[in-house]
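Visitor: The numbers in this note's numbering rise by one with no breaks, and the one at position 255 of the sequence shown is 264.
Heads up, the beta-carbon is just placed ideally off N, CA and C, and yes, glycines get one too.
In this text the structure is predicted, and so the values were computed from the model without any measurement.
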Amino acid sequence: MLAVARPKGPVEVTCPSCKQRLRLGGTAATPRPQPPPENDNVFGDLPPAGTTQAWTPPAAPQARTPSRSFAPSPQRKKNNPLKRLPRLGVLEDGFGTPILIVAALTFLGIFGTLGVYLLSQASDNMALAAASEDWQPTEGKILESGFSVRGVQKRKQAATTHVRYQYKVDNTTYTGTTLSFEKQDSFSPAVAEAKLQPYPPGADCTVYYDPQSPSNSVLIKGVQSSNQLYFWLGLASILCGIVLAIDCGLGAINAHRFPPPKVPLF
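1. Do LEU253 and VAL281 count as a contact pair if the criterion is CB distance below 8 Å?
2. For CYS24, I'd like the list of residues in its chain whose CB is within less than 7 Å of its CB, leaving aside the five on either flank, ordered along the chain.
3. Which residue marks the beginning of the alpha helix (DSSP H) containing ALA203, and which one marks its end?
4. Secondary structure at LEU226, three-state DSSP: helix, strand or coil?
5. What does DSSP give as the partner residue(s) for VAL111 in the beta ladder?
6. Could you please give me the residues that DSSP links to PRO213 through a beta bridge?
7. Do TYR218 and GLN145 count as a contact pair if the criterion is CB distance below 8 Å?
8. Tell me THR23's beta-bridge partners as DSSP assigns them.
9. Kindly list the residues whose CB is nearer than 7 Å to the CB of ALA138, restricted to its own chain and excluding five residues on each side of it in sequence; keep chain order.
10. From the DSSP output, which residues share a beta bridge with SER141?
11. For the structure I just gave you, are there three or more beta carbon pairs, one from the segment 128–138 and one from the segment 167–183, closer than 8 Å?
12. Name the DSSP bridge partner or partners of HIS171?
13. With distances taken Cα to Cα, identify the nearest neighbour of ASP213 among LEU228, ALA201, ASN263.
14. List the endpoints of the continuous beta strand (DSSP E) containing TYR208.
15. Near SER141, what residues of its chain come up, given a Cβ to Cβ distance below 7 Å and the 5 sequence neighbours on each side ignored?
16. Report the residue from ASP256, ASN263, ALA261 whose alpha carbon sits nearest the alpha carbon of ARG96.
17. Alpha carbon to alpha carbon, what distance is there between PHE240 and ALA261?
18. Report buried or exposed for THR170, applying the criterion of at least 16 other Cβ atoms within 10 angstroms of its Cβ.
In C-alpha coordinates form, the structure reads like this:
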(Lines of atoms letter the chains of each structure in order from A and count residues from 1; the text may use other names and numbers.)
(Lines give C-alpha, C1' and ligand atoms only; values in the text may rest on other atoms or scores of the structure.)
Protein backbone atom coordinates (compact mmCIF):
# COMPACT_ATOMS: atom_id res chain seq x y z
CA MET A 1 0.00 0.00 0.00
CA LEU A 2 1.33 3.41 -1.09
CA ALA A 3 1.56 6.29 1.30
CA VAL A 4 0.48 9.79 0.06
CA ALA A 5 2.43 12.68 1.35
CA ARG A 6 0.26 15.56 2.70
CA PRO A 7 1.31 19.03 1.85
CA LYS A 8 2.51 21.08 4.73
CA GLY A 9 0.92 24.34 3.61
CA PRO A 10 -2.48 25.31 2.27
CA VAL A 11 -3.48 23.95 -1.13
CA GLU A 12 -5.66 25.67 -3.75
CA VAL A 13 -8.02 23.43 -5.69
CA THR A 14 -10.72 24.03 -8.32
CA CYS A 15 -14.34 23.08 -7.64
CA PRO A 16 -15.54 20.74 -10.41
CA SER A 17 -19.13 22.12 -10.32
CA CYS A 18 -18.69 25.95 -9.99
CA LYS A 19 -15.10 26.17 -11.21
CA GLN A 20 -14.06 28.40 -8.29
CA ARG A 21 -10.68 28.13 -6.69
CA LEU A 22 -10.78 27.15 -3.06
CA ARG A 23 -8.06 27.25 -0.44
CA LEU A 24 -7.74 24.13 1.71
CA GLY A 25 -5.56 23.37 4.71
CA GLY A 26 -3.24 25.61 6.67
CA THR A 27 -3.92 27.64 9.77
CA ALA A 28 -5.76 30.98 9.92
CA ALA A 29 -3.62 34.02 10.48
CA THR A 30 -3.88 35.34 13.95
CA PRO A 31 -4.39 39.16 13.98
CA ARG A 32 -1.73 41.07 15.82
CA PRO A 33 -3.03 43.12 18.75
CA GLN A 34 -3.13 46.86 18.06
CA PRO A 35 -2.11 49.34 20.76
CA PRO A 36 -4.97 51.49 22.14
CA PRO A 37 -5.17 55.02 20.76
CA GLU A 38 -3.57 57.77 22.79
CA ASN A 39 -6.79 59.79 23.10
CA ASP A 40 -8.86 56.84 24.22
CA ASN A 41 -9.05 58.24 27.74
CA VAL A 42 -11.74 60.98 27.67
CA PHE A 43 -10.65 62.16 31.12
CA GLY A 44 -7.00 62.60 30.20
CA ASP A 45 -7.15 66.39 30.44
CA LEU A 46 -8.33 66.26 34.08
CA PRO A 47 -5.78 66.58 36.92
CA PRO A 48 -5.01 63.39 38.86
CA ALA A 49 -6.95 62.63 41.98
CA GLY A 50 -5.78 64.30 45.19
CA THR A 51 -4.40 67.44 43.50
CA THR A 52 -5.79 70.96 43.83
CA GLN A 53 -4.89 72.16 40.36
CA ALA A 54 -7.75 74.03 38.76
CA TRP A 55 -9.15 72.65 35.54
CA THR A 56 -8.59 74.81 32.50
CA PRO A 57 -11.15 74.46 29.71
CA PRO A 58 -9.82 74.03 26.21
CA ALA A 59 -9.35 77.17 24.17
CA ALA A 60 -12.24 78.14 21.95
CA PRO A 61 -11.60 77.91 18.22
CA GLN A 62 -10.74 81.24 16.60
CA ALA A 63 -13.26 82.74 14.23
CA ARG A 64 -12.20 82.76 10.63
CA THR A 65 -11.92 86.19 9.10
CA PRO A 66 -13.46 86.43 5.66
CA SER A 67 -10.90 87.13 3.01
CA ARG A 68 -13.42 88.80 0.66
CA SER A 69 -14.57 92.37 1.24
CA PHE A 70 -18.25 93.15 0.90
CA ALA A 71 -17.83 96.93 0.45
CA PRO A 72 -19.91 98.27 -2.45
CA SER A 73 -17.86 98.80 -5.55
CA PRO A 74 -17.88 102.13 -7.43
CA GLN A 75 -19.66 100.49 -10.33
CA ARG A 76 -22.51 99.43 -8.03
CA LYS A 77 -22.97 103.04 -6.92
CA LYS A 78 -23.28 104.18 -10.51
CA ASN A 79 -26.12 101.75 -11.11
CA ASN A 80 -28.38 103.27 -8.44
CA PRO A 81 -32.00 103.74 -9.62
CA LEU A 82 -32.96 107.20 -10.93
CA LYS A 83 -35.05 109.47 -8.76
CA ARG A 84 -37.90 111.76 -9.76
CA LEU A 85 -37.02 115.43 -10.01
CA PRO A 86 -38.95 117.68 -7.60
CA ARG A 87 -41.47 119.96 -9.26
CA LEU A 88 -44.60 122.01 -8.59
CA GLY A 89 -46.85 119.60 -10.44
CA VAL A 90 -48.85 122.01 -12.62
CA LEU A 91 -49.31 119.12 -15.05
CA GLU A 92 -48.87 115.52 -13.93
CA ASP A 93 -46.05 113.33 -15.26
CA GLY A 94 -48.63 110.96 -16.67
CA PHE A 95 -49.36 113.32 -19.59
CA GLY A 96 -46.18 112.08 -21.23
CA THR A 97 -43.00 113.70 -22.49
CA PRO A 98 -44.35 115.21 -25.77
CA ILE A 99 -47.35 116.89 -24.16
CA LEU A 100 -45.27 118.31 -21.32
CA ILE A 101 -42.70 119.75 -23.75
CA VAL A 102 -45.47 121.40 -25.78
CA ALA A 103 -47.01 122.76 -22.56
CA ALA A 104 -43.64 124.22 -21.49
CA LEU A 105 -43.24 126.04 -24.82
CA THR A 106 -46.86 127.23 -24.69
CA PHE A 107 -46.57 128.67 -21.18
CA LEU A 108 -43.31 130.38 -22.04
CA GLY A 109 -44.74 131.85 -25.24
CA ILE A 110 -48.02 133.14 -23.77
CA PHE A 111 -46.75 134.58 -20.51
CA GLY A 112 -43.52 135.81 -22.08
CA THR A 113 -45.35 137.69 -24.85
CA LEU A 114 -47.80 139.23 -22.39
CA GLY A 115 -44.98 140.30 -20.08
CA VAL A 116 -42.96 141.89 -22.88
CA TYR A 117 -46.03 143.81 -24.03
CA LEU A 118 -46.78 145.13 -20.55
CA LEU A 119 -43.16 146.09 -19.98
CA SER A 120 -42.95 147.92 -23.31
CA GLN A 121 -46.13 149.88 -22.62
CA ALA A 122 -45.07 150.72 -19.08
CA SER A 123 -41.55 151.71 -20.10
CA ASP A 124 -42.76 154.21 -22.72
CA ASN A 125 -45.12 155.95 -20.32
CA MET A 126 -42.61 155.79 -17.48
CA ALA A 127 -39.99 157.44 -19.67
CA LEU A 128 -42.34 160.36 -20.48
CA ALA A 129 -43.51 160.57 -16.86
CA ALA A 130 -39.93 160.65 -15.56
CA ALA A 131 -38.98 163.31 -18.12
CA SER A 132 -41.93 165.49 -17.09
CA GLU A 133 -40.31 165.97 -13.68
CA ASP A 134 -37.99 168.57 -15.29
CA TRP A 135 -40.65 170.33 -17.39
CA GLN A 136 -41.40 174.00 -16.85
CA PRO A 137 -44.68 175.19 -15.25
CA THR A 138 -46.95 177.85 -16.72
CA GLU A 139 -50.44 179.20 -16.14
CA GLY A 140 -53.31 177.62 -18.01
CA LYS A 141 -57.08 177.40 -18.13
CA ILE A 142 -59.39 174.38 -18.30
CA LEU A 143 -61.62 174.54 -21.34
CA GLU A 144 -63.56 171.33 -20.73
CA SER A 145 -63.29 168.18 -18.59
CA GLY A 146 -65.40 165.10 -17.95
CA PHE A 147 -65.54 161.35 -18.33
CA SER A 148 -67.56 158.84 -20.32
CA VAL A 149 -68.95 155.64 -18.79
CA ARG A 150 -69.09 152.26 -20.52
CA GLY A 151 -70.83 149.14 -19.30
CA VAL A 152 -74.36 148.11 -18.37
CA GLN A 153 -73.99 146.83 -14.83
CA LYS A 154 -72.90 149.30 -12.17
CA ARG A 155 -70.09 147.13 -10.85
CA LYS A 156 -68.66 146.62 -14.34
CA GLN A 157 -68.78 150.25 -15.51
CA ALA A 158 -65.54 151.83 -16.77
CA ALA A 159 -65.01 155.57 -17.03
CA THR A 160 -62.59 157.22 -19.47
CA THR A 161 -61.45 160.72 -18.57
CA HIS A 162 -60.97 163.51 -21.10
CA VAL A 163 -59.76 167.04 -20.55
CA ARG A 164 -58.78 170.03 -22.72
CA TYR A 165 -56.85 173.04 -21.53
CA GLN A 166 -55.07 176.09 -22.93
CA TYR A 167 -51.74 177.68 -22.01
CA LYS A 168 -49.21 180.20 -23.39
CA VAL A 169 -45.45 179.93 -23.87
CA ASP A 170 -43.52 182.92 -25.27
CA ASN A 171 -46.76 184.60 -26.38
CA THR A 172 -47.77 181.45 -28.23
CA THR A 173 -51.03 179.75 -27.31
CA TYR A 174 -51.08 175.95 -27.08
CA THR A 175 -53.86 173.44 -26.39
CA GLY A 176 -53.25 170.22 -24.46
CA THR A 177 -55.34 167.11 -23.74
CA THR A 178 -53.07 165.06 -21.46
CA LEU A 179 -54.13 164.72 -17.85
CA SER A 180 -51.20 162.45 -16.80
CA PHE A 181 -48.82 159.89 -18.31
CA GLU A 182 -50.72 156.91 -17.03
CA LYS A 183 -51.09 153.74 -19.02
CA GLN A 184 -54.46 153.13 -17.43
CA ASP A 185 -57.08 155.30 -19.10
CA SER A 186 -60.19 153.60 -17.69
CA PHE A 187 -61.28 153.91 -14.09
CA SER A 188 -64.40 153.44 -12.07
CA PRO A 189 -66.77 156.44 -12.22
CA ALA A 190 -65.89 157.41 -8.64
CA VAL A 191 -62.12 157.37 -9.33
CA ALA A 192 -62.54 159.34 -12.57
CA GLU A 193 -64.63 161.96 -10.78
CA ALA A 194 -61.99 162.29 -8.04
CA LYS A 195 -59.20 162.77 -10.60
CA LEU A 196 -61.11 165.51 -12.44
CA GLN A 197 -62.31 167.28 -9.31
CA PRO A 198 -59.36 169.80 -9.25
CA TYR A 199 -59.93 170.57 -12.94
CA PRO A 200 -63.51 171.77 -13.50
CA PRO A 201 -64.30 173.64 -16.75
CA GLY A 202 -63.23 177.32 -16.63
CA ALA A 203 -60.84 176.84 -13.69
CA ASP A 204 -57.25 178.06 -13.69
CA CYS A 205 -54.57 175.37 -13.56
CA THR A 206 -50.83 174.81 -13.72
CA VAL A 207 -49.58 173.26 -16.94
CA TYR A 208 -46.16 171.59 -17.25
CA TYR A 209 -44.59 171.79 -20.74
CA ASP A 210 -41.43 170.48 -22.38
CA PRO A 211 -38.92 173.32 -22.93
CA GLN A 212 -37.56 171.56 -26.01
CA SER A 213 -41.05 171.07 -27.48
CA PRO A 214 -43.65 173.37 -25.80
CA SER A 215 -46.53 171.57 -27.54
CA ASN A 216 -45.96 168.58 -25.21
CA SER A 217 -47.68 169.25 -21.89
CA VAL A 218 -49.36 167.56 -18.97
CA LEU A 219 -51.41 168.56 -15.95
CA ILE A 220 -50.13 165.90 -13.52
CA LYS A 221 -46.40 165.30 -13.93
CA GLY A 222 -44.26 162.43 -12.65
CA VAL A 223 -44.60 158.64 -12.57
CA GLN A 224 -48.00 157.43 -11.42
CA SER A 225 -48.89 154.23 -9.60
CA SER A 226 -50.44 152.63 -12.70
CA ASN A 227 -47.11 152.86 -14.54
CA GLN A 228 -45.40 150.89 -11.78
CA LEU A 229 -48.30 148.44 -11.71
CA TYR A 230 -47.93 147.64 -15.41
CA PHE A 231 -44.17 147.29 -15.00
CA TRP A 232 -44.43 144.79 -12.14
CA LEU A 233 -47.25 142.89 -13.85
CA GLY A 234 -45.12 142.50 -16.96
CA LEU A 235 -42.13 141.32 -14.96
CA ALA A 236 -44.29 138.88 -12.97
CA SER A 237 -45.80 137.51 -16.19
CA ILE A 238 -42.36 136.75 -17.63
CA LEU A 239 -41.19 135.08 -14.42
CA CYS A 240 -44.41 133.05 -14.24
CA GLY A 241 -43.90 131.80 -17.79
CA ILE A 242 -40.31 130.79 -17.01
CA VAL A 243 -41.33 128.93 -13.83
CA LEU A 244 -44.15 127.05 -15.57
CA ALA A 245 -41.88 126.15 -18.49
CA ILE A 246 -39.19 124.79 -16.13
CA ASP A 247 -41.80 122.84 -14.16
CA CYS A 248 -43.19 121.21 -17.31
CA GLY A 249 -39.63 120.52 -18.50
CA LEU A 250 -38.85 118.66 -15.27
CA GLY A 251 -42.09 116.74 -15.68
CA ALA A 252 -41.04 115.74 -19.20
CA ILE A 253 -37.75 114.40 -17.82
CA ASN A 254 -39.62 112.41 -15.14
CA ALA A 255 -42.00 111.02 -17.74
CA HIS A 256 -39.03 109.95 -19.86
CA ARG A 257 -37.31 108.26 -16.91
CA PHE A 258 -40.44 106.58 -15.58
CA PRO A 259 -42.82 105.94 -18.50
CA PRO A 260 -46.35 104.97 -17.45
CA PRO A 261 -47.35 101.33 -17.99
CA LYS A 262 -49.11 100.60 -21.25
CA VAL A 263 -52.69 99.51 -20.68
CA PRO A 264 -54.23 97.45 -23.51
CA LEU A 265 -57.39 98.94 -24.96
CA PHE A 266 -59.03 95.57 -25.61
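Guide: Let's see:
1. Given that the chain is displayed from residue 10 to residue 275, the structure contains no residue 281 and the question cannot be resolved.
2. Within the sequence shown, residue 24 is the residue found at index 15, counting from 1. For CYS24, where only same-chain residues beyond five positions count, the Cβ hits under 7 Å are LEU31.
3. Here residue 203 is taken as the residue at index 194 of the sequence shown, counted from 1. From DSSP, the alpha helix (DSSP H) with ALA203 extends over 198–205.
4. Along the sequence shown, read from residue 1 onward, the residue named residue 226 stands at position 217. The identity of residue 226 in the sequence shown is Ser, whereas the question assumes Leu. Here SER226 sits in strand by DSSP.
5. Sequence index remark: in the sequence shown, residue 111 carries index 102 (1-based). None, per the DSSP bridge assignment.
6. Residue mapping note: residue 213 aligns to position 204 of the sequence shown, counting from 1. Residue 213 is actually Asp in this sequence, not Pro. For ASP213, which the question treats as bridged, DSSP gives the partners LYS150.
7. Within the sequence shown, residue 145 is the residue found at index 136, counting from 1. Within the sequence shown, residue 218 is the residue found at index 209, counting from 1. Contact: yes.
8. Mapped onto the sequence shown, residue 23 falls at position 14. The partner list for THR23 (beta bridge, DSSP) reads ARG30.
9. As a position in the sequence shown, residue 138 is number 129, starting the count at 1. Hits under 7 Å: PHE190, GLY231, VAL232, GLN233, ASN236.
10. Numbered from its first residue, the sequence shown carries residue 141 at position 132. For SER141, DSSP assigns no beta-bridge partner whatsoever.
11. Taking a cut-off of 8 Å for Cβ pairs, the segment 128–138 and the segment 167–183 do not touch, as fewer than three such pairs fall below it.
12. Start at 1 with the first residue of the sequence shown, and residue 171 comes out as number 162. As DSSP reads the structure, HIS171 sits in a beta bridge with GLY155.
13. For this step, residue 213 is matched to residue 204 along the sequence shown. Out of LEU228, ALA201, ASN263, LEU228 has the C-alpha closest to the C-alpha of ASP213.
14. Locating residue 208 in the sequence shown gives position 199, where the first residue counts as 1. Note, TYR208: premise wrong, no beta strand (DSSP E); not H, not E.
15. Within the sequence shown, residue 141 is the residue found at index 132, counting from 1. Excluding sequence neighbours, SER141 sits near PHE190, TYR217, VAL227, LYS230, GLY231.
16. Numbered from its first residue, the sequence shown carries residue 96 at position 87. With distances taken between CA atoms, ARG96 lies nearest to ASP256 out of ASP256, ASN263, ALA261.
17. Counted from its first residue, the sequence shown places residue 261 at position 252. Counted from its first residue, the sequence shown places residue 240 at position 231. Across the structure, ALA261 and PHE240 are spaced so that their CA atoms are roughly 32 Å apart.
18. Locating residue 170 in the sequence shown gives position 161, where the first residue counts as 1. THR170 should be labelled buried.
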